[in-house]
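In the UniProt record's numbering, the protein residues as written are 1 to 103.
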């Protein structure tokens, strides 16, 4: 399951009440309605263009998805964290490549 480019929105009929923030993907899928479709162990908020991992949880409801894409995986490499040094690209978690020539 993947929710791409999640943003906040105001539904016409707020199912969970007016005091709740609502989120949906770029293709209109509601974050709360989609939570049961996430079946893998780890759920990640990733930066949509780079795939850099910004948040990790085993419980998708604990993520704040606004501004991110939400993806999932069953495995995380040792040392994987949210320091900005890890990314999720094409279903794989890997270190962000280092550009040794960049100043």
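Glycine is no exception: its CB is placed at the ideal position from the N, C-alpha and C atoms. Quick caveat, the model's predicted, so the values are computed rather than measured.
Taking 7 Å as the line, does the beta carbon of residue 59 fall inside it for any heavy atom of the ligand NAP?
Looking at this structure, you won't find the ligand NAP or any other ligand, since it has none at all.
Buried or exposed: where does residue 8 fall if 16 or more other Cβ atoms within 10 Å of its Cβ makes it buried?
Residue environment: residue 8 is assigned as exposed (fewer than 16 neighbouring CB atoms within 10 Å of its CB, all protein chains considered).
Do you know whose CA, among 69, 26, 86 and 70, lies nearest residue 77's CA?
86
For the region 40-54 against the region 16-23, do three or more pairs of beta-carbon atoms, one drawn from each stretch, fall closer than 8 Å, so that the two count as touching?
no
Using DSSP's beta-bridge definition, name the partner residues of residue 82.
DSSP output for residue 82 lists no bridge partner at all.
Which residues mark the beginning and the end of the beta strand (DSSP E) in which residue 23 is found?
Per DSSP, the continuous beta strand (DSSP E) segment holding residue 23 begins and ends at 22-24.
Where in the region 31-59 do unbroken runs of the alpha helix (DSSP H), each at least 4 residues long, occur, reported from the N-terminal end onward?
Entirely contained in the region 31-59, the alpha helix (DSSP H) runs reaching 4 residues are, in chain order, 31-34.
Along the beta strand (DSSP E) that carries residue 93, what are the first and last residues, could you check?
92-95
Among 27, 93 and 41, which one has its Cα closest to the Cα of residue 54?
93
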